[in-house]
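Oh and the sequence shown: position 256 is 263 in my numbering, straight run, nothing missing.
Ideal placement from N, C-alpha and C gives every residue a C-beta, glycine not left out.
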Amino acid sequence: MTTPDMTSLQQRAEDYLAQGRAKEAIALLTQVLTSHPQIAHGHFKLGEAFLAEQEFSQAVAAYETAIQLNANAFIYYVGLGRAWAGLEQWPQAISAYEWAIRLNPNFSWTYTHLAAALLGQERYPEAIAAYDRDIALNPQFYWSHFHRGEALLKLENREAAIASYRQAIILNPDLPEAQQRLQELLTTPELNGDYWLQRQDWDQAIKAYKSSLEIKPDYSWSYYGLGYGLQQKQDWSGAILAYLQALEINPDFSGSYSNLGYCYWQQGEVIQAINCYEQALALNADVPEIHNRLADALLVNCQVDRAIDHYLTALQLYPENSENYLKLRHLQTYNLVQLQPEQMARLITGYQQLIQDDPTRIDSYINLGDLWTEAGNISAAIDCYQRGTDQNLQQSRPALIQQFWNPETPLKPAFLIIGTQKSGTTSLYQYICQHPQVVAPLQKEIDFFIWQFHHGLDWYLAHFPAISAEAALITGEASPSYILDFKVAEKLKENFPGIKLIVLLRNPVNRAFSQYQDHKRWVNPESRSLEQAIADEIALLQDFKDVTLAGEKFWQTQYGYLLRGMYVYFLEKWMSILPREQFLILQSEAFYAEPEPTLNRVFDFLNLPNYSLPTHPKYTTGSYLPIPQPLRQTLVDFFAPHNQRLIQFLGEEFDWRS
Numbered sequence: 008m009t010t011p012d013m014t015s016l017q018q019r020a021e022d023y024l025a026q027g028r029a030k031e032a033i034a035l036l037t038q039v040l041t042s043h044p045q046i047a048h049g050h051f052k053l054g055e056a057f058l059a060e061q062e063f064s065q066a067v068a069a070y071e072t073a074i075q076l077n078a079n080a081f082i083y084y085v086g087l088g089r090a091w092a093g094l095e096q097w098p099q100a101i102s103a104y105e106w107a108i109r110l111n112p113n114f115s116w117t118y119t120h121l122a123a124a125l126l127g128q129e130r131y132p133e134a135i136a137a138y139d140r141d142i143a144l145n146p147q148f149y150w151s152h153f154h155r156g157e158a159l160l161k162l163e164n165r166e167a168a169i170a171s172y173r174q175a176i177i178l179n180p181d182l183p184e185a186q187q188r189l190q191e192l193l194t195t196p197e198l199n200g201d202y203w204l205q206r207q208d209w210d211q212a213i214k215a216y217k218s219s220l221e222i223k224p225d226y227s228w229s230y231y232g233l234g235y236g237l238q239q240k241q242d243w244s245g246a247i248l249a250y251l252q253a254l255e256i257n258p259d260f261s262g263s264y265s266n267l268g269y270c271y272w273q274q275g276e277v278i279q280a281i282n283c284y285e286q287a288l289a290l291n292a293d294v295p296e297i298h299n300r301l302a303d304a305l306l307v308n309c310q311v312d313r314a315i316d317h318y319l320t321a322l323q324l325y326p327e328n329s330e331n332y333l334k335l336r337h338l339q340t341y342n343l344v345q346l347q348p349e350q351m352a353r354l355i356t357g358y359q360q361l362i363q364d365d366p367t368r369i370d371s372y373i374n375l376g377d378l379w380t381e382a383g384n385i386s387a388a389i390d391c392y393q394r395g396t397d398q399n400l401q402q403s404r405p406a407l408i409q410q411f412w413n414p415e416t417p418l419k420p421a422f423l424i425i426g427t428q429k430s431g432t433t434s435l436y437q438y439i440c441q442h443p444q445v446v447a448p449l450q451k452e453i454d455f456f457i458w459q460f461h462h463g464l465d466w467y468l469a470h471f472p473a474i475s476a477e478a479a480l481i482t483g484e485a486s487p488s489y490i491l492d493f494k495v496a497e498k499l500k501e502n503f504p505g506i507k508l509i510v511l512l513r514n515p516v517n518r519a520f521s522q523y524q525d526h527k528r529w530v531n532p533e534s535r536s537l538e539q540a541i542a543d544e545i546a547l548l549q550d551f552k553d554v555t556l557a558g559e560k561f562w563q564t565q566y567g568y569l570l571r572g573m574y575v576y577f578l579e580k581w582m583s584i585l586p587r588e589q590f591l592i593l594q595s596e597a598f599y600a601e602p603e604p605t606l607n608r609v610f611d612f613l614n615l616p617n618y619s620l621p622t623h624p625k626y627t628t629g630s631y632l633p634i635p636q637p638l639r640q641t642l643v644d645f646f647a648p649h650n651q652r653l654i655q656f657l658g659e660e661f662d663w664r665s
């Protein structure tokens with residue numbers, strides 16, 4: 008056979024091998040090597056062909072012949088190792104791989120195969136070391152990360168194994184083996200930060216992530232989890248450091264930027280927060296929460312136009328989130344900004360588009376009606392509220408629309424929940440509205456008798472269902488700020504003299520702390536420490552002989568954490584205007600502990616038959632750290648004389664001493 012013929016046959020054989028036609032490659036290579044037995048690479052390719060056919064013994068012989076002819080080709084030793092591994096002759100395989108590494112220490116696949124052979128001998132630490140070298144040379148090969156995790160799991164190093172499986176999934180999200188392993192590990196608590204995060208055990212999560220970082224200090228997810236745990240503990244500085252480290256390793260994860268921005272926001276560093284949110288959106292513009300957070304920061308930074316854009320984008324991305332609507336509503340309700348005509352026009356257009364896209368979203372009608380109200384177009388506002396009320400009724404009680412709808416005679420409120428804030432009024436209102444003889448208004452808090460009374464009763468009644476009295480149904484609302492203004496009682500006496508009033512009273516210490524935590528989450532968050540806020544308010548309250556007359560000077564600087572809990576003085580004023588029998592006083596603690604007995608009292612008070620709800624979910628609850636004990640005692644001491652006066656006035660016991 009001439010050299011050109013031999014070269015042609017050898018090339019054809021390699022083509023066959025590349026095409027998966029190993030048997031034909033073996034035939035051609037055997038023909039070539041019969042006449043030219045000194046071609047080392049031909050024997051190597053013959054070994055590759057035998058290996059493809061799982062003829063491992065023949066492959067060993069072919070590779071060994073290739074090595075005898077050329078002992079310096081590292082790839083021949085790799086092939087020999089693979090053939091021995093096929094025969095499960097691990098020591099011989101390991102020896103071959105080690106020879107390959109001596110000849111070329113920078114070929115990642117050698118370490119891949121060496122690690123697999125070491126696993127075959129249960130030499131797990133050495134296998135992990137081989138995978139580490141493999142990954143250093145070729146970090147994108149997901150199987151190496153997966154098998155490294157397998158070796159770590161054999162050594163019961165679960166946290167490091169989790170990190171390896173996660174990295175494998177990052178490189179190949181469709182790797183079922185890694186997904187399954189990770190799922191198995193995440194169901195056990197041992198050294199698993201994610202496990203503890205899911206259970207909101209922040210201390211254990213922080214501990215687990217720190218342990219993980221000792222094992223794998225360059226794993227961004229562990230820094231992210233650590234930051235999240237510290238964030239939940241309100242350790243803003245620690246969380247910021249953790250998120251920065253996560254971003255140094257992986258600058259392409261929007262969640263790290265978003266949470267970093269939130270921590271800066273909590274520390275009052277608005278510009279840094281804006282920068283972080285913008286970077287988060289540059290990576291992922293489809294997360295409504297980030298648009299909301301950025302809008303909050305822009306608003307505080309007086310960039311109202313941009314804030315509006317991001318609020319509306321958040322609504323377009325997630326129109327089901329009522330909190331987004333509420334936040335925009337608060338811009339007007341609490342005068343957080345003075346909207347310019349062009350800004351109001353943009354919001355009006357935005358809400359009209361949202362209604363067109365989804366006419367069932369009740370919040371869109373509320374916000375649009377409020378904007379028309381602020382713009383002075385009361386007839387448009389009334390029309391909008393009525394359409395929203397009808398839509399709400401159509402969704403919740405369609406039969407009533409068919410039988411009793413009467414736009415000329417909307418129901419008048421039969422009851423009001425007038426207080427107190429952060430005492431369970433939302434839950435109580437939601438439970439009452441589930442009674443079959445109660446129909447809900449357009450929204451829980453209308454605040455008509457404080458802020459909107461000048462718009463007239465037609466404006467107010469547009470929020471209530473247009474149902475004929477023949478339906479024998481009642482409606483009502485819950486505006487817990489009413490109790491703070493006894494002039495509301497005078498307006499009720501004039502316009503709804505027989506209306507029934509419900510008041511929830513909560514331990515004022517816990518109520519104050521809950522309100523403080525709520526204000527920390529506002530668009531313009533409370534910037535003072537709780538200790539400072541309490542001290543400031545105590546100093547101001549000393550100047551008032553009658554706290555119910557606290558005026559503009561007080562409310563310009565204070566949120567009323569203490570004043571709102573001095574219940575007796577407000578109740579004394581209310582009950583001097585309206586008779587005691589129109590009031591039902593409830594204790595929040597009893598309501599929280601056993602809702603049904605409290606509800607039965609409410610239904611009796613409203614002349615409704617008792618009705619058992621299948622469940623009693625809690626609404627607008629928050630989670631936060633406990634009040635420091637010295638400060639709690641300060642608050643207990645402050646409220647003690649006022650609570651005692653309340654007990655004497657109502658003739659009821661309130662055990663709020665602890």
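Any beta carbon from chain C within less than 9 Å of residue i's own beta carbon?
i, result
"residue 579", "This model lacks chain C altogether; it includes just one protein chain."
From this set, the options, which residue's C-alpha is nearest residue i's C-alpha?
i, options, result
"residue 670", "21, 381, 237, 543", "The structure shown does not extend to residue 670, since the chain spans only 8 to 665, so no value can be given for it."
"residue 162", "135, 173, 288", "135"
"residue 207", "233, 490, 183", "233"
"residue 412", "67, 188, 473, 101", "473"
"residue 166", "218, 484, 191, 478", "218"
"residue 369", "329, 276, 493", "329"
"residue 172", "390, 185, 164, 181", "185"
"residue 613", "572, 464, 456, 445", "445"
"residue 484", "469, 451, 478", "451"
"residue 611", "109, 442, 19", "442"
"residue 486", "464, 425, 469, 436", "425"
"residue 30", "46, 65, 303, 44", "65"
Rounded to whole angstroms, how far is the Cβ of residue i from the Cβ of residue j, which I believe are closer than 8 Å?
i, j, result
"residue 540", "residue 523", "6 Å"
"residue 268", "residue 283", "3 Å"
"residue 427", "residue 512", "6 Å"
"residue 229", "residue 170", "7 Å"
"residue 319", "residue 275", "Wrong, their Cβ atoms sit about 26 Å apart, outside the cutoff."
"residue 455", "residue 467", "4 Å"
Which of the three DSSP states is assigned to residue i in this structure?
i, result
"residue 9", "With a pLDDT of 49 at residue 9, under the threshold of 50, the modelled position of this residue cannot be trusted; read the value that follows with caution. Three-state result, residue 9: coil."
"residue 57", "helix"
"residue 286", "helix"
"residue 278", "helix"
"residue 445", "strand"
"residue 663", "coil"
"residue 622", "coil"
"residue 357", "helix"
"residue 292", "coil"
"residue 348", "helix"
"residue 453", "coil"
"residue 632", "coil"
"residue 162", "coil"
"residue 601", "coil"
"residue 484", "strand"
"residue 648", "helix"
"residue 610", "helix"
"residue 411", "helix"
"residue 422", "strand"
"residue 460", "helix"
"residue 319", "helix"
For residue i, count the other beta carbons within 10 Å of its own beta carbon; 16 or more makes it buried, fewer makes it exposed. Which is it?
i, result
"residue 11", "Per-residue confidence for residue 11 stands at a pLDDT of 48, beneath the threshold of 50, marking its modelled position as unreliable; no derived number is given."
"residue 556", "exposed"
"residue 143", "exposed"
"residue 97", "buried"
"residue 562", "exposed"
"residue 140", "buried"
"residue 420", "buried"
"residue 391", "buried"
"residue 507", "buried"
Shorter than 8 Å, the distance from the beta carbon of residue i to the closest heavy atom of the ligand HEM, or not?
i, result
"residue 217", "The ligand HEM is not part of the structure shown, which contains no ligands of any sort."
Contained alpha helix (DSSP H) runs [length at least 4] in the region 506-584, N- to C-terminal order: 515-527, 537-548, 559-564, 574-582
What are the uninterrupted segments assigned as alpha helix (DSSP H) that are 4 or more residues long and contained completely in the region 42-102, given in chain order? 47-59, 63-76, 81-93
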